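Below is one structure, written out as structure tokens, with a few remarks after it.
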Amino acid sequence: MNLSKSKYCNGVQCKKMLWLQKNKPEEKMDVSNDSVLDNGSLVGEYAKKLFGEYIDIEFNENLNKMISDTKEALNNKECIITEASFNYNNNFCSVDILKKNDNNYEIYEVKSSTEIKDIYKDDIAYQYYVLTNLGLNVTKACIVHINPFYERIGDLNLQELFKINDVTDEIILKQEEVKTRIKEINEYMENKEEIPNDISINCVKPYDCPFFKYCSKHLPKNNVFNIRLMRNSTKFKLYSEGIYSYDDLLNSDIDSKYKQQIEYELYDKDDYINKDSIKNFLDTLYYPLYFLDFETYQQSIPEYDYIKPYMQVPFQYSLHYIDSENGTLKHKEFLADAGIDPRRRLAESLVNDIPMDGCTIAYNMSFEKSVIKNLARIYPDLSKHLMNIHDNMYDLMIPFKNREYYTKDMHGSYSIKYVLPALFKDDPSLDYHNLEGVHNGSEAMNTYANLSNLSKEEQEVMRHNLLKYCELDTYAMVKIWEKLKEIK
Ligand code: SF4
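Adding 18 to a residue's 1-based position in the sequence shown gives its number in our numbering.
What follows is the structure in structure tokens.
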């Protein structure tokens with residue numbers, strides 16, 4: 019088989035994954051995660067500039083063209099080549115950054131994550147194998163990744179944004195393993211018939227396998243992989259012990275919270291409501307009440323000052339509020355203009371909308387608190403007021419997280435996306451599916467990021483969609499709070 023870096027890494031995770039990709043691609047599910055704006059290619063583009071001037075080997079479907087372009091570039095005695103491409107014995111690879119100094123070569127593999135994973139070492143070990151077998155003297159192999167502690171102030175500092183880790187010694191030790199794995203992968207791919215592998219922790223580590231649904235089709239509909247909040251390692255351990263149906267699990271010694279999910283779903287049990295605890299929670303709240311929700315984006319490459327990679331940058335909020343008992347529900351909102359740093363105006367608007375000592379409610383407040391704390395850090399003139407909002411925040415998630423209110427339709431989760439439909443079945447006004455254009459946080463983030471590329475009319479439509487989405491988030495919180503009050 020013709021291998022590449024990514025195919026080799028897939029094969030390291032599970033050979034069957036490669037076999038299914040080739041022979042049963044229709045069984046593949048989409049497991050991509052688009053919660054971060056910038057993709058690896060943007061990180062790659064910035065990393066190319068790390069060592070100064072470089073020769074870029076342009077991507078070509080014809081890999082031989084990339085290889086011949088690389089050969090030509092290598093005629094330079096000293097040079098930096100990006101996407102330098104090689105093929106040894108049907109094992110192809112493009113090196114993200116190759117530094118040539120006379121007859122010595124250094125290879126750099128660029129990753130958009132903030133830490134090194136073992137699979138990255140397999141990736142660069144494979145590249146080292148290809149290059150050294152072609153006779154190149156590779157003196158250094160490094161993994162380049164994002165430094166999560168870098169904070170942009172002024173011009174982007176690439177030397178600080180990226181961390182370079184020398185893994186040469188480790189990957190030299192892996193060379194026999196690479197050779198064996200390539201042989202095993204090739205042998206496995208010769209199989210005409212599917213080999214019945216069993217599922218294991220490899221199905222989710224290092225990445226979620228897109229064939230998991232297919233490979234787990236022998237399991238009963240209700241099984242251990244439907245248990246929310248249980249660690250994957252625990253699920254696969256139970257599975258390997260033959261404990262995977264809901265009946266098996268009920269007879270095992272798993273935590274009572276998992277058994278609660280199972281019992282409610284199996285036996286259609288009545289809702290559990292701890293009235294005293296809910297009353298105690300509600301008694302901590304006071305008027306005026308503010309229901310707050312932010313929308314944020316994350317960037318691998320910080321665009322503005324005082325932003326770290328992958329930091330949550332707020333661009334929008336919705337605020338429902340009630341001044342006093344029996345007061346009417348009112349609403350305020352903020353959505354930043356496109357293409358600017360949204361934070362200053364958002365922070366000013368927030369302190370304008372929430373008075374000092376108001377009672378602010380969020381759902382999963384650690385998120386809202388961290389956003390506010392970051393704003394307070396960079397705007398000292400607003401810091402006192404912002405931290406007052408921060409310090410007077412209460413978490414509507416608590417009664418559900420503590421399972422003081424639980425129904426079978428929450429399916430073991432306390433996320434608002436499960437709690438809301440469980441409490442308000444078939445209420446179209448609380449159904450995110452009925453919104454136009456924006457239905458979740460990822461779509462909100464991508465819509466905002468794309469705003470400046472749209473015409474004025476299109477922008478207006480999308481801004482309206484964003485506002486409606488965020489408004490529903492806080493309206494949902496109000497409805498949940500009202501539901502808790504009915505119990506009290
Ligand atoms: S689901 Fe698991 S066993 Fe099936 S192909 Fe993926 S990693 Fe391999």
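For each residue, glycine too, the CB sits at the ideal point set by N, CA and C.
Just so it is clear, the structure is predicted and the values come from calculations on it, not from any experiment.
Check, Outcome
"Among 401, 505 and 247, the one whose alpha carbon lies nearest that of residue 298", "505"
"Check whether residue 465 and residue 336 have beta carbons under 7 Å apart", "no"
"Cβ-Cβ distance between residue 122 and residue 100 below 7 Å", "no"
"N-terminal and C-terminal residue of the alpha helix (DSSP H) that residue 480 is part of", "474 to 505"
"Neighbourhood of residue 503 by C-beta distance below 8 Å, restricted to the same chain and skipping five residues each side", "300"
"The region 161 to 177 / the region 326 to 333 touching (three or more Cβ pairs under 8 Å)", "yes"
"Whole-Å CB distance - residue 376 paired with residue 332, under 8 Å assumed", "18 Å between Cβ atoms; not a contact."
"Touch test, the region 215 to 235 against the region 189 to 201, Cβ-Cβ under 8 Å, three pairs minimum", "no"
"Residue 221 Cβ short of 6 Å to the ligand SF4 heavy atom set", "yes"
"Residue 429 - DSSP class collapsed to helix/strand/coil", "coil"
"Residue 430 classed as buried or exposed, judged by whether at least 16 other C-beta atoms fall within 10 angstroms", "buried"
"Inter-stretch contact at 8 Å, needing at least 3 Cβ pairs: the region 474 to 489 / the region 415 to 434", "no"
"Residue 215: CB within 6 Å of a non-hydrogen atom of the ligand SF4", "yes"
"Length of the line joining the Cα atoms of residue 55 and residue 438", "Unreliable placement is indicated for residue 55, whose pLDDT of 48 sits below 50; the coordinate value is still reported in the next sentence. Going from the Cα of residue 55 to the Cα of residue 438 covers about 27 Å."
"Extent of the continuous beta strand (DSSP E) to which residue 411 belongs", "411 to 413"
"Span of the beta strand (DSSP E), counted from its first residue to its last, around residue 118", "109 to 119"
"C-beta atoms of residue 453 and residue 424 nearer than 7 Å", "no"
"Residue(s) in a DSSP beta bridge with residue 17", "Because the chain is modelled from 19 through 506, residue 17 falls outside the range shown and cannot be assessed."
"Opening and closing residue of the alpha helix (DSSP H) in which residue 368 lies", "361 to 371"
"Cutoff 8 Å; reference residue 53; Cβ partners in own chain excluding five residues on either side", "For residue 53, the predicted model reports a pLDDT of 49, less than 50, meaning its position is unreliable; a value from the coordinates is still stated below. If we look at residue 53 and ignore the five residues flanking it on each side, its Cβ neighbours are 316, 459, 460 and 463."
"Residue 42 vs residue 206 beta-carbon contact at 7 Å", "no"
"Proximity of residue 106 and residue 162 at Cβ, strictly below 7 Å", "no"
"Residue 191 - containing beta strand (DSSP E), residue span", "From DSSP, residue 191 is part of no beta strand (DSSP E) but of the alpha helix (DSSP H) over 186 to 191."
"Beta strand (DSSP E) segment containing residue 336, residue limits", "331 to 340"
"Under 7 Å between C-beta atoms of residue 97 and residue 148", "no"
"Host alpha helix (DSSP H) of residue 30 (start-end)", "23 to 31"
"Residue 37 in three-state terms, based on DSSP", "helix"
"Assumed close pair residue 264, residue 280 - CB separation to whole angstroms, cut-off 8 Å", "5 Å"
"Option nearest residue 471 by Cα separation, candidates 399, 448 and 356", "356"
"C-beta atoms of residue 185 and residue 139 nearer than 7 Å", "yes"
"Residue 158 CB to nearest heavy atom of the ligand SF4 below 6 Å", "no"
"Euclidean distance between Cα positions of residue 120 and residue 153", "14 Å"
"Burial state of residue 342 (16 or more Cβ within 10 Å)", "exposed"
"Touching by the beta-carbon criterion (3+ pairs, under 8 Å), the region 392 to 405 and the region 244 to 262", "no"
"Beta-carbon proximity list for residue 17, same chain, < 6 Å, skipping 5 on both sides", "Not covered by the structure: residue 17. The range shown for the chain is 19 to 506."
"Separation of residue 115 from residue 92, as counted between CA atoms", "13 Å"
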